[in-house]
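Worksheet: one structure, shown below.
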Amino acid sequence: MLTLTGVDAGYEPGRPVLRGVDLRVAPGEVVGLSGPSGTGKTTLARVAALLLAPQRGTVEIDGVGASGVRYARDPRLRTAVGMVFQSPRRSVDARLRLRDVIAEPLRLRGLATAARAGATARTERVAELAGRVGLTADLLDRRPHEVSDGQLQRACLARSLASGPRYLVCDEMTAMLDASTTAALVGVVGAEVRAGRLGVLAISHDDALLDVWADRVVALGAAVAGPA
Amino acid sequence: MADRRLRAGVVLLVLLAGYALLVPWLAGVDDRVTDFAAARQGPSWAHLFGTDSAGRDLFVRTAAGLRVSLFIAVVCALLSVLIGALVGALSAAAGGWVDRLTMRVVDGVNAVPHLLLGIVLVALFRGSLVAIIASIALTHWTQVARIVRAEVLSLRDREHVDAALLGGATRWRVVRRHLLPAALPQALVAAVLLLPHAVWHESTLSFLGLGLPPHAASLGTLLQEARSSLLLGGWWTLVFPALGLVLATLAVAAIGAALRDRAALPERAGAQL
C-alpha cells in the first residue's frame, strides 16, 4: 500500500500548496486524482514519487516509511514508485535513442544485482517492453526529436515499467496525446494493474477518462481522503 | 557564417600544426645548434625567416616554438576542462553547502591574479614543462567550472533527471550520464577559447625568463630573445614568432566562436518543438 498521511507540501517553507492530504493506493488498484489547475495535483504526485519531501505528514510504501527523497531515498524504495510525466519531451534526455531511454533502468538494475544482466538479455527485455507499449523495432533507433509525442510517451511508459515499480504515478500522462494513443497507454497500464503487479495513481483533468480508468476517483481541492 | 568561420579556423590551425610538426622534422637540423657565423641574417632563400643572434634558423625555430607552445596550450586546456567540469558538475549536483563552499573556493582562486600565481608556481620549479602546464591549468579551471555548474543547475531539476532518478540512478550516475554530457559542449567551447590564452600565458612566463630555458624554443622564449636583436635592427626575430602567435590565436578564436554559436543552436531548435 502506498499511503500518504496528513501531508502538507509546497515549494516555500510555511506556504504549503497542499494541506493535510490523506491518500491510499493499493496494489492492483487505480486511484484517479482530479481537480482544477493549481490545486497541487503534480505536487502530490511528486510527494508520492519521493521527488519532493512533504513539509508535514508521512509517506509510507508497503510498510516502509520514506525517510528521504530524491537521492536520499531509502535503498529499499529506490525503484518502488515510477512516474510518467505529462510532457514526454521534457522527460527524456534528448541525446538518447529510444532504445537507450527504455534500457536505462535495466542497466541500473543490472549494476545493482549480482547477476548482471547481459547486453543480450537487456536487448530482449527492451524489445519485449517496446512491444508491450506498441513501439515498433524501427522506432527504437530514433532519437526523441524524430518521433511523435505519442510514440515518445509510449517509450516513457516502457521506461517506467522497466524499473519494475510497485506503484506508478501517471501525471496527466495522456494530456498531450490523441484518443487512440490514450486508449493504448491506459490499456497497457490496466493490464499491469490487473496482473496485480502495480498500484496506480492516475492524475487527469479528464473526468470521463478517470471514470473509465480508475477504480475510484478522489478530487483534490475537496476532500482528498479515500476509503481505506 | 559560423561554418565558414569554423572552416577558415580549422584550415589555418591545420596549416600551422603541419608547419609546427613537419618543418623541424623535414629540416633535419637541431634547432638548438648555434652558428655564430650566420648570426642575425635577414630573411633570404637560405633562411626564410632569417636567423637569430646565435645564428639559428628562425623558420625551423619558430616551427619548433609553435609546436611546444601549442602542446602546452592543448594540455593546459584539457586539464582545465577536466578539473573544471568535474568540480562544476559535482558542485551543482550536490547543491547546498557543498555547492556554496566550492563556489567560494572558485572565487578565491579567481581573486588571485593568474599570472602572479603562475609565476610563483613556475619559480618553484624553474624551467620545468610540468610546472608551466600546472601553473596555467591550476589557475584556469575556474571559468570552466562556472560554465558547467550553470549548465548543470539548469538541468538538474528537469524531468528527465527525475525520471532517471526514479529508474534507480544514483547521483553520480545522473551526473555522469545526463548532466556532464549535456554540459560538455559548452565546456569544450571554453577549452577552445582557453587555448590562445594558454599560449599567451606560456609566452609571458617564458618572456619574463621564468618559463622554458632560453635554448628550448617556444613562442615565449623566441619573443624574449627578439628583444635584444630588435634594437640592432633584426625586426624579423620579432615579426615571425609574433605572427605565429597571432595566427594561432586567430585560428583558435575563430573555431571557438563558431562552436559557441553551434552549441547554442540546438537550444533554439528545441524550443520550437
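Chains A and B, in that order, are what the protein sequence lines are.
Sequential numbering from 3 applies to the first sequence in our numbering.
Sequential numbering from 52 applies to the second sequence in our numbering.
Just so you know, even glycine gets a beta-carbon here, dropped at the ideal spot from N, CA and C.
Please read these numbers as outputs of a predicted model, since none were measured by experiment.
- No Cβ-Cβ contact shorter than 7 Å links A/VAL27 with A/GLY42.
- If only complete runs of 3 or more residues are kept, the region 60-128 of chain A shows the beta strand (DSSP E) at 83-86, in order along the chain.
- By the Cβ-count criterion, B/VAL138 is buried, with 16 or more other Cβ atoms from all chains shown falling within 10 Å of its own Cβ.
- Under the DSSP assignment, A/ALA221 falls in the beta strand (DSSP E) whose first and last residues are 218-221.
- Residue pairing of A/THR7 in beta bridges, as defined by DSSP: A/THR60.
- Distances from the alpha-carbon of B/PRO75 to those of B/HIS248, B/LEU246, B/THR113 put B/THR113 closest.
- In the DSSP assignment, the residues bridged to A/GLY34 are A/ALA204, A/VAL219.
- Within 8 Å of the CB of B/ARG224, the CB atoms of chain A belong to LEU110, in sequence order along the chain.
- With respect to A/SER93, B/ALA214 sits close: the two C-beta atoms are nearer than 7 Å.
- Contact annotation, B/ALA238 with B/ARG56: C-beta distance approximately 20 Å; criterion of less than 8 Å not satisfied.
- Near chain B, meaning a CB-to-CB distance below 7 Å, the residues of the region 30-54 of chain A are ALA51, LEU53.
- A/GLY22 sits in a strand when the DSSP states are folded into three classes.
- As the crow flies, the alpha-carbon of B/LEU273 is around 7 Å from that of B/GLY116.
- Two segments are said to touch when three or more pairs of C-beta atoms, one from each, lie closer than 8 Å; by this definition the region 81-99 of chain A touches the region 162-176 of chain A.
- In this structure the region 48-55 of chain A touches the region 4-13 of chain A; the number of beta carbon pairs closer than 8 Å is three or more.
- With fewer than 16 neighbouring CB atoms inside 10 Å of its own CB, B/ASP158 falls in the exposed class.
- Under DSSP, the beta-bridge partners assigned to A/VAL171 are A/MET85, A/LEU203.
- Using a CB distance below 9 Å, the part of the region 199-214 of chain B facing chain A consists of ARG209, GLU210, HIS211, VAL212, ASP213, ALA214, ordered along the chain.
- Three or more Cβ pairs drawn from the region 233-247 of chain B and the region 182-200 of chain B lie within less than 8 Å of each other, which places the two stretches in contact.
- In the DSSP assignment, no residue is bridged to A/THR183.
- Under the Cβ criterion of 7 Å, B/HIS229 is counted among the residues facing chain A.
- Between B/LEU206 and B/LEU230, the C-beta spacing is below 7 Å.
- The Cβ-Cβ distance between B/VAL195 and B/ALA241 falls below 7 Å.
- In terms of Cα proximity to B/PHE258, the closest of B/LEU289, B/GLY285, B/SER104 is B/LEU289.
- Boundaries of the alpha helix (DSSP H) around A/ARG48: 43-50.
- Distance between B/LEU175 and B/ILE123, taken at the CA atoms: about 18 Å.
- Taking a contact to require three or more Cβ pairs closer than 8 Å, the region 285-305 of chain B and the region 200-219 of chain A do not qualify as touching.
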